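Peer 1:
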Amino acid sequence: MAGIGESTYYKHGQSPDAEFKLALQAILAACADAGIDPREIDGFASYGDDRSEATRLASALGLPRLRSATMQWGGGGGGCCAAVANGAAAIATGQADCVVVFRSLAQGQHGRFGQSAAAGAVSGERAYLVPYGVISPPQRFAMRVRRYMEEHGVRQEALRAIALVSYHHAQNNPRAVMRGRPLDAQRYDASRWIVEPFHLFDCCMENDGAAAIVLVSAERAADLRQKPAYLLGAASGAGPRFATHAHNSPAYASANFGTLAPDLYRMAKVSPADVGVVQSYENFTGGVVMALAEHGFFTPAQANDFLTPENLIAPDGRLPLNTSGGNLAECYMHGFELVLEAVRQVRGTSCNQAPRSDVALVIGGPMVAPASDLLLGSAAAL
Amino acid sequence: MNHFYLPEGLPAPVPEPDGVSAPYWTGLREGRLMVQRCQQCGCWQFGPEWICHRCLAFDPAWVEVRPAGRIYSWERVWHPVHPALKERGAYLAVLVELPDAGHVRMVGNLLGDPMQAVRIGVEVAGVFEHHAGAAPPFSLLHWQCR
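These protein sequence lines map, in sequence, to chains V and L.
Throughout, our numbering is defined as the position within the first sequence, counted from one, plus 1003.
Throughout, our numbering is defined as the position within the second sequence, counted from one, plus 1147.
#1: Since L:Gly1268 and L:Arg1217 should fall inside the 8 Å C-beta cutoff, what is the C-beta to C-beta distance between them, to a whole number of angstroms?
#2: Between which two residues does the alpha helix (DSSP H) containing V:Val1087 stretch?
#3: Residues in the stretch 1190 to 1212 of chain V with C-beta within 7 Å of chain L's C-beta atoms, listed in sequence order?
#4: Using a C-beta cutoff of 7 Å, does L:Val1224 count as contacting chain V?
#5: So, with DSSP's three-state summary, where would you put L:Lys1233?
#6: Could one say the Cβ of L:Val1228 lies closer than 7 Å to chain V's Cβ atoms, at least one of them?
#7: Of the residues that make up the stretch 1256 to 1267 of chain V, which ones have a beta carbon closer than 9 Å to any beta carbon in chain L?
#8: Once you ignore the five residues that flank V:Leu1031 on each side, which residues in its own chain have a CB closer than 8 Å to its CB?
#9: Distance check for V:Glu1022 and V:Arg1059, CA to CA, integer angstroms please.
#10: Is any beta-carbon of chain V found at less than 7 Å from that of L:Ser1286?
#11: Please state the DSSP three-state secondary structure of V:Phe1105.
#12: Could you check what DSSP says for V:Met1004 in three-state terms: helix, strand or coil?
#13: Using the Cβ count rule (16 or more neighbours within 10 Å means buried), how would you classify V:His1113?
#14: By how many angstroms is the C-alpha of V:Met1336 removed from the C-alpha of V:Arg1321?
#15: Along the stretch 1186 to 1210 of chain L, what residues have a CB closer than 9 Å to any CB found in chain V?
#16: Considering only residues of the stretch 1274 to 1341 of chain V, which uninterrupted alpha helix (DSSP H) runs meet the minimum length of 4 residues and lie entirely inside it, listed in chain order?
#17: The alpha helix (DSSP H) with V:Ser1169 in it runs from where to where?
#18: Considering only the beta carbon of each residue, do V:Val1280 and V:Ala1363 sit closer than 7 Å?
#19: Going by alpha carbons, who is nearest to V:Arg1244 out of L:Pro1195, L:Val1243 and L:Pro1154?
#20: How close, in whole Å, do the beta carbons of L:Val1251 and L:Leu1245 come, if the pair is a contact with beta carbons under 8 Å?
#21: Going along chain V, which residues have a C-beta under 8 Å from L:Ala1159?
#22: Can you give the Cα-Cα distance for L:Trp1290 and V:Ala1271, rounded to whole angstroms?
#23: Using 10 angstroms around the beta-carbon of V:Gly1082, count the other beta-carbons present and answer buried if the total reaches 16, otherwise exposed.
#24: CB-CB under 8 Å to V:Asp1376, same chain, minus the five flanking residues each way: which ones, in chain order?
#25: Between which two residues does the alpha helix (DSSP H) containing V:Ile1030 stretch?
#26: Please list the partners that V:His1015 has in chain L, where partner means a Cβ-to-Cβ separation under 8 Å.
#27: Are the C-beta of V:Met1370 and some C-beta of chain L separated by less than 7 Å?
#28: If I follow the unbroken alpha helix (DSSP H) through V:Val1148, where does it start and stop?
#29: Find the residues of chain V that neighbour L:Glu1163, judging by a C-beta separation of less than 7 Å, and give them in chain order.
#30: Could you tell me how far apart the beta carbons of V:Asp1053 and V:Arg1106 are, in whole angstroms, since I believe they sit closer than 8 Å?
#31: Using a Cβ-Cβ distance cut-off of 7 Å, determine whether L:Gly1273 contacts chain V.
#32: Only counting the same chain, and skipping five residues up and downstream in sequence, which positions put a Cβ closer than 6 Å to that of L:Cys1199?
#33: Kindly indicate which residue of V:Ser1220, V:Ser1194 and V:Gly1080 has the alpha-carbon position closest to the one of V:Glu1043.
#34: Among V:Ala1249, V:Pro1275, V:Leu1108 and V:Leu1378, which one has its Cα closest to the Cα of V:Val1342?
#35: Just list the alpha helix (DSSP H) runs in the stretch 1217 to 1258 of chain V, keeping only unbroken ones of 4 residues or longer that don't cross its boundaries, in chain order.
#36: So, with DSSP's three-state summary, where would you put V:Leu1064?
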C-alpha cells in the first residue's frame, strides 16, 4: 500500500461536491501521497455496489488502459477488506500493476441506509423482516447482539467502551466529523435508544466522502515516496449458511469471522499476540465485541474485563482500537477509512499512534456475509 | 380502526419472482404455517430454497407446522425509520425458534405491551394477522407469550 487519500469528510447531505467528484478527489490525493502519476493506475477495486464505476473513472482520468475492475459481491461494509484483497490479487497474478481501491459514498445525494420510505411490495430476505418493522441496519443486527450478550453475559458497559474509545480518538483527528464533540459515559448512558441494546452512540454515523488506497507490488512500493504498508494476509467469505434468510444462520450470535480469522492468521503467519493495533468496523458496537473475540483477543466470557476504555485507548492501552475514530466518530466511509488508518499506523503517522504497529489488523463489517479482514505490516513484519 | 400491531403502510411481503417462498406466504393467508422439510433426509429448512442444504435433493416438501416456539432473541425498536411508524412509538420484534420444526427461526412482533419485559427462552404461540384489504393482500405471523 503505497498511497492513501481521502476527500473532506462531511456529515451526510453536506458535501458540496458530487459523489463521483469526491471519488476523484480521494484517488488523486492517494496518487499524490504515493508520488505516482495517476495515469499509472490500471485497475480499480471496490465493494458495496459503489456507484463510481471503474470504467467512468478510467475515462475521467484519461487512463491509457484499464486492466482490472473488481467489485466484491454483497455484504455492504463487509467488503472493505476484501476489495483490497481483490486488488492485490490482480497485481499478484500479473493482471494489473497499480490498482486503486476506493469507496465513495454521498448519502445526502443518494439516500441513507438508515431511513426507508418504501411502499408497495417487498420480497426475498426483506419480506421476512420489513413488515414487522425490522427495516434498518440497527434493527436487523440488534437481535444478534442481544443473543450474544445473553449467551455470554456481556454487559452494556462493554459496548459503551467501544463508543467512548472511538470518540476519544476522534478528538485528536483533524479529519474526524466528530472532532470537538467528546463523549463520556454519562452522555452515552443518557442517549436515546435507537433499538435496544443499541443507544444512539452504539450506531455508526452516515456521511458523505470518499477514500482511496494505491496498491502496487512490494518491489515497486519500496521505490516510492512513503514507507510501504505490506499486505500480510487477507480473508473473506462466510461461515456455514451465515446468510440464510430470516435470521437462520446456525452461528447466529456471531460476527461471521469464525472461519475467516484462522485463514487470515495462517496466511499472514502471525498470531493475535503479534497484533499491536486494531481497526474494527463499527456498524454497531456489539459487532465489534464479537469480531474482536472471534479474532482471538479474548474469549466471550472475558469481554467485560477486556473491553474497557483504558485497555483500548492509544498509546497506553493493551490493544489500541479504532485509532482514527472509525465509523462512529471519524467518518462512515463504509469502513474504508479504517483501512487508511491501518496504513497510517504501520507508517507511524497516526494521530493516535500505537507503540506496537508493525502488525495492524483491519476487520471489515461484522455480522454480514461475505465479511472480510486484513493484516498489514511494516517491512519488519515480513 | 387499527387492529394491526404496526400501522398500515409498510411494504407488503410477496414471493420472489421465482416463487421459491410462495407456499409460505400462501399458507399464512390460509392461517397455516408452512415450512420446508426434505422428503429424502428429513431436514427442516427456512428460509425456503430450491434444494435441501443437507442432502442436496431438489424441491423440499412443504409441511404444516404448529405455530408454537420459544423466543430466541428480541429487540425493542425506538427510532422509527419508516413514515408509517412515525406515530407508533416503541414496538417489539422477536426471533422465535420452532422446536417442532428443527429449530428453524422466524421474525415477528411480540403482541401486548411494548414495554413488557422480554426473556429469551419464553414459550410463545403464533397469532395470524390478516391484511385482506391490502394491495396485494397478505398475512403476517405474530407471537404472544403463552
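No residue lacks a Cβ here, since even glycine has one placed at the ideal position from N, Cα and C.
Since the structure is predicted, the reported quantities are computational estimates derived from the model, not experimental observations.
Peer 2: Taking the definition as stated:
#1: In the second sequence, residue 1268 of chain L corresponds to position 121, counting from 1. In the second sequence, residue 1217 of chain L corresponds to position 70, counting from 1. Confirmed, about 6 Å.
#2: Numbered from its first residue, the first sequence carries residue 1087 of chain V at position 84. Counting along the chain, the alpha helix (DSSP H) containing V:Val1087 begins and ends at Cys1083 to Ala1095.
#3: Arg1195, Trp1196, Ile1197, Val1198 and Glu1199
#4: For the purposes of this step, residue 1224 of chain L is taken as residue 77 along the second sequence, with counting starting at 1. Output row for L:Val1224: interface = yes.
#5: Along the second sequence, read from residue 1 onward, the residue named residue 1233 of chain L stands at position 86. Correct three-state label for L:Lys1233: coil.
#6: Counting from one through the second sequence, the residue named residue 1228 of chain L turns up at place 81. Yes, contact with chain V.
#7: Ala1256
#8: What you label residue 1031 of chain V is simply residue 28 of the first sequence in a count that begins at 1. Excluding sequence neighbours, V:Leu1031 sits near Gly1008 and Pro1041.
#9: By one-based count along the first sequence, residue 1059 of chain V stands at place 56. By one-based count along the first sequence, residue 1022 of chain V stands at place 19. The straight-line gap from Cα to Cα measures roughly 13 Å.
#10: Counted from its first residue, the second sequence places residue 1286 of chain L at position 139. No, because no Cβ of chain V sits closer than 7 Å to the Cβ of L:Ser1286.
#11: As a position in the first sequence, residue 1105 of chain V is number 102, starting the count at 1. DSSP places V:Phe1105 in strand when its eight states are reduced to three.
#12: Walking along the first sequence from the start, residue 1004 of chain V turns up at place 1. Of the three classes helix, strand and coil, the one that applies to V:Met1004 here is coil, per DSSP.
#13: Your numbering for residue 1113 of chain V matches position 110 in the first sequence. V:His1113 comes out exposed.
#14: Stepping through the first sequence from its first residue, residue 1321 of chain V is reached at position 318. Stepping through the first sequence from its first residue, residue 1336 of chain V is reached at position 333. Distance between the alpha carbons of V:Arg1321 and V:Met1336 is about 27 Å.
#15: Gln1192, Phe1193, Gly1194, Pro1195, Glu1196 and His1200
#16: Whole alpha helix (DSSP H) segments, 4+ residues: 1288 to 1297, 1306 to 1309, 1312 to 1315 and 1329 to 1332.
#17: In the first sequence, the residue the question calls residue 1169 of chain V occupies position 166. That run of the alpha helix (DSSP H) goes Gln1159 to Ala1173.
#18: Residue 1280 of chain V sits at position 277 when you count from the first residue of the first sequence. Residue 1363 of chain V sits at position 360 when you count from the first residue of the first sequence. Result yes, Cβ atoms of V:Val1280 and V:Ala1363 sit closer than 7 Å.
#19: To locate residue 1244 of chain V, count along the first sequence from 1; it is residue 241. Residue L:Pro1195 is the option with its Cα nearest to V:Arg1244.
#20: Taking the second sequence and counting its residues from 1, one reaches residue 1251 of chain L at position 104. Taking the second sequence and counting its residues from 1, one reaches residue 1245 of chain L at position 98. Contact holds; Cβ gap of about 6 Å.
#21: Mapped onto the second sequence, residue 1159 of chain L falls at position 12. Simply Gly1123, Ala1124, Val1125 and Pro1134.
#22: Translated into positions along the second sequence, residue 1290 of chain L becomes position 143. Translated into positions along the first sequence, residue 1271 of chain V becomes position 268. Straight-line Cα distance between these residues: approximately 48 Å.
#23: Taking the first sequence and counting its residues from 1, the one referred to as residue 1082 of chain V is at position 79. V:Gly1082 comes out buried.
#24: To locate residue 1376 of chain V, count along the first sequence from 1; it is residue 373. Closer than 8 Å at Cβ, skipping near neighbours: Cys1084, Ala1237, Ala1238, Ser1239, Phe1260, Leu1263, Ala1264, Leu1267, His1298, Leu1364, Val1365, Ile1366 and Gly1367.
#25: Taking the first residue of the first sequence as position 1, residue 1030 of chain V is located at position 27. For V:Ile1030, the uninterrupted alpha helix (DSSP H) segment begins and ends at Glu1022 to Ala1037.
#26: Here residue 1015 of chain V refers to the residue found at position 12 of the first sequence. Those within 8 Å of V:His1015 in chain L number zero; the least Cβ separation is about 14 Å.
#27: Residue numbering aside, residue 1370 of chain V sits at position 367 when the first sequence is read from its first letter. Not an interface residue.
#28: Your numbering for residue 1148 of chain V matches position 145 in the first sequence. That run of the alpha helix (DSSP H) goes Pro1140 to His1155.
#29: Numbered from 1 along the second sequence, position 16 holds the residue referred to as residue 1163 of chain L. Result: Ser1126 and Gly1127.
#30: Taking the first sequence and counting its residues from 1, the one referred to as residue 1053 of chain V is at position 50. Taking the first sequence and counting its residues from 1, the one referred to as residue 1106 of chain V is at position 103. Contact holds; Cβ gap of about 6 Å.
#31: Looking up residue 1273 of chain L in the second sequence gives position 126. With 7 Å as the cut-off, L:Gly1273 does not count as an interface residue toward chain V.
#32: In the second sequence, counting from the first residue as 1, residue 1199 of chain L sits at position 52. Here the set comprises Cys1185, Cys1190 and Pro1207.
#33: Taking the first residue of the first sequence as position 1, residue 1043 of chain V is located at position 40. It is V:Ser1220 whose Cα lies nearest to the Cα of V:Glu1043.
#34: Here residue 1342 of chain V corresponds to residue number 339 of the first sequence, with the count starting at 1. Out of V:Ala1249, V:Pro1275, V:Leu1108 and V:Leu1378, V:Leu1378 has the C-alpha closest to the C-alpha of V:Val1342.
#35: Fully enclosed alpha helix (DSSP H) runs of no fewer than 4 residues occupy 1221 to 1224 of the stretch 1217 to 1258 of chain V, in order along the chain.
#36: Taking the first residue of the first sequence as position 1, residue 1064 of chain V is located at position 61. Under the three-state reduction of DSSP, V:Leu1064 is assigned to coil, being neither helix nor strand.
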